[in-house]
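Numbering (the numbering used here), first residue to last: 23 to 403. Just below is one structure, and these are the notes that go with it.
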Ligand SMILES: *Cc1c(COP(=O)(O)O)cnc(C)c1O
């Protein structure tokens, strides 16, 4: 993707400049018209567009095999913009219980605005046909899902959605485009919390929605209206993260699989959730729709008690006790006490997450160091 320089210099800097401007001077009314009519590249106001953000949008689009991409302030901004852009009162939204927790709260807002919502368990993904309605406008899923890494068959969802002309939206944060390209499998939009694997260094928040040009225009309208444009500095950090994205994704998947296989055989581990394990219910579909590995996140139950899970986490020396995922360091947390904290009590456990379920996001450490860390911490349980 060689491009013209973004700067007045004769040659192109190796790094996209951080353009920290709110507004841009027009040389003349003719220039204003040319910018407005899209005849020349130009910018007006940061809420509309920014060259640093635009550069990273093109890079994420390329990764997902999309025509274009909208970058916004957070992953939840990306989810919310998607709902607001396409759903109206009276429309039905099919959404999986296993999606990122904050979507539950957004769904409450959508219900207040008159959207009809159907919640499904990802393991019942193949039964979507029982739930789809003539007014179903969108099917929204995450695969693998957070935190239990359940797998949803994207191509099968596409077939169901086509029966009523619904959109398929896939949150690809866990899989990342390194392993899975939902647009090629039939999704209309791909969403990312770019805070996670795409950024990858625990130092920025951003969201992304990749798709074709028409969807880009619709989503751009929403972003420009509500003001969820990312700042140029975060966009620059995200672009820097993308330079090592593929290397990082590859290593994370290797580490995650090694840890899942180690934990699977451990007497103090009751259950392991990772689609790369042959015994995992998602294995077959994951082999079909993912490539070069199964992502960097796994979940497991430590014995049958939360006290043991806490003791285990407190004993870790290499893996950090922190939320978030997809970063350079391995991160571990108990979703019941952290990412699911703001959900109503019954929703925190109904769909398979236990009080002792632990979510582990593999980082870039040496595989042996991670396995040794798990081993020494499990000995203390
Ligand atoms: C973190 C996360 C989100 C929300 O992203 P933020 O950047 O924290 O707003 C959405 N989906 C998934 C799968 C996530 O892991």
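Note that the Cβ used here is the ideal one computed from N, Cα and C, for glycine as well.
Exercise. Cβ of residue 344 versus every heavy atom of ligand 1: is any distance shorter than 8 Å?
Worked result: Within the chain shown, residue 344 is the residue found at index 322, counting from 1. No.
Exercise. Does the segment 200 to 213 touch the segment 354 to 361, meaning 3 or more C-beta pairs lie closer than 8 Å?
Worked result: no
Problem set entry | Secondary structure of residue 229, DSSP reduced to three states | Working through the chain shown from its first residue, we reach residue 229 at position 207. Three-state result, residue 229: strand.
For this session: Put residue 51 into one of helix, strand or coil per three-state DSSP.
Result: Position 29 of the chain shown, counted from the start, is the residue given in the question as residue 51. Helix.
For this session: Give a single yes or no on whether residue 122 has its beta carbon closer than 8 Å to a heavy atom of ligand 1.
Result: Your numbering for residue 122 matches position 100 in the chain shown. At least one heavy atom of ligand 1 is nearer than 8 Å to the Cβ of residue 122, so yes.
Problem set entry | Cα-Cα separation between residue 384 and residue 303, rounded to whole angstroms | To locate residue 384, count along the chain shown from 1; it is residue 362. To locate residue 303, count along the chain shown from 1; it is residue 281. Taking the straight line from one Cα to the other gives about 21 Å.
Exercise. Exposed or buried, which one is residue 50 when buried takes at least 16 other CB atoms within 10 Å?
Worked result: Within the chain shown, numbered from 1, the residue matching residue 50 stands at position 28. Flag for residue 50 reads exposed.
Exercise. Which same chain residues, not among the five before or five after residue 158, have their C-beta less than 7 Å away from its C-beta?
Worked result: As a working mapping, residue 158 is identified with position 136 in the chain shown. Here the set comprises 114, 116, 186 and 188.
Exercise. With DSSP run on the structure shown, which of helix, strand or coil describes residue 319?
Worked result: Numbered from 1 along the chain shown, position 297 holds the residue referred to as residue 319. In the structure shown, residue 319 adopts extended strand secondary structure according to DSSP, grouped into three states.
Exercise. Cβ of residue 225 versus every heavy atom of ligand 1: is any distance shorter than 8 Å?
Worked result: Here residue 225 is taken as the residue at index 203 of the chain shown, counted from 1. No; taking the cut-off as 8 Å, the Cβ of residue 225 has no heavy atom of ligand 1 nearer than that.
Exercise. How close, in whole Å, do the beta carbons of residue 223 and residue 389 come, if the pair is a contact with beta carbons under 8 Å?
Worked result: Counted from its first residue, the chain shown places residue 223 at position 201. Counted from its first residue, the chain shown places residue 389 at position 367. That pair is no contact at about 20 Å.
Problem set entry | Integer-rounded CB distance, given that residue 347 should sit under 8 Å from residue 218 | As a first step, residue 218 is located in the chain shown; it is residue number 196 there, counting from the start. As a first step, residue 347 is located in the chain shown; it is residue number 325 there, counting from the start. Their Cβ separation, rounded to whole angstroms, is 5 Å, which keeps residue 218 and residue 347 in contact under 8 Å.
Problem set entry | residue 265 CB to nearest heavy atom of ligand 1 below 8 Å | Position 243 of the chain shown, counted from the start, is the residue given in the question as residue 265. With a cut-off of 8 Å, the C-beta of residue 265 is classified as distant from ligand 1, since no heavy atom of the ligand falls inside that distance.
Exercise. Cβ of residue 335 within 8 Å of any heavy atom in ligand 1?
Worked result: For this step, residue 335 is matched to residue 313 along the chain shown. Flag unset: Cβ of residue 335 not near ligand 1.
Problem set entry | Proximity below 9 Å, CB of residue 195 to CB of residue 311 | The count along the chain shown starts at 1 and reaches residue 195 at position 173. The count along the chain shown starts at 1 and reaches residue 311 at position 289. For residue 195 and residue 311, no; Cβs fall outside 9 Å.
Exercise. In terms of residues, what are the limits of the alpha helix (DSSP H) holding residue 142?
Worked result: What you label residue 142 is simply residue 120 of the chain shown in a count that begins at 1. That residue, residue 142, is in no alpha helix (DSSP H); its beta strand (DSSP E) goes 138 to 142.
For this session: Please go through the same chain and pick out, in chain order, the residues whose beta-carbon is closer than 8 Å to the beta-carbon of residue 151, but skip the five residues on each side of it.
Result: As a working mapping, residue 151 is identified with position 129 in the chain shown. Here the set comprises 182 and 185.
For this session: Note down the Cα distance separating residue 125 from residue 36, rounded to an integer number of angstroms.
Result: Taking the chain shown and counting its residues from 1, one reaches residue 125 at position 103. Taking the chain shown and counting its residues from 1, one reaches residue 36 at position 14. For residue 125 and residue 36, the distance between alpha carbons rounds to 38 Å.
For this session: Run through the segment 214 to 280 for me and flag every whole alpha helix (DSSP H) of 4 or more residues, listed as ranges in chain order.
Result: Runs of the alpha helix (DSSP H) inside the segment 214 to 280: 235 to 248 and 254 to 265.
For this session: Check whether the Cβ of residue 198 sits closer than 8 Å to any heavy atom of ligand 1, and report yes or no.
Result: Here the question's residue 198 lines up with position 176 in the chain shown. No; taking the cut-off as 8 Å, the Cβ of residue 198 has no heavy atom of ligand 1 nearer than that.
Problem set entry | Through-space distance from residue 62 to residue 52, alpha-carbon basis | In the chain shown, residue 52 corresponds to position 30, counting from 1. In the chain shown, residue 62 corresponds to position 40, counting from 1. C-alpha separation (whole angstroms): 11 Å.
Exercise. Cβ-heavy atom distance between residue 168 and ligand 1 below 8 Å?
Worked result: On the chain shown, residue 168 is found 146 positions in, with the first residue counted as 1. Result yes, Cβ under 8 Å from ligand 1.
Exercise. For residue 241, which residues from the same chain have a beta carbon less than 7 Å from its beta carbon, with the 5 sequence-adjacent residues on both sides left out?
Worked result: Translated into the one-based positions of the chain shown, residue 241 becomes position 219. Excluding positions up to five away in sequence, the list reads 92, 103, 107 and 231.
Exercise. When every heavy atom of ligand 1 is checked, does at least one fall within less than 8 Å of the C-beta of residue 349?
Worked result: Taking the first residue of the chain shown as 1, we reach residue 349 at position 327. Not under cutoff, so the answer is no.
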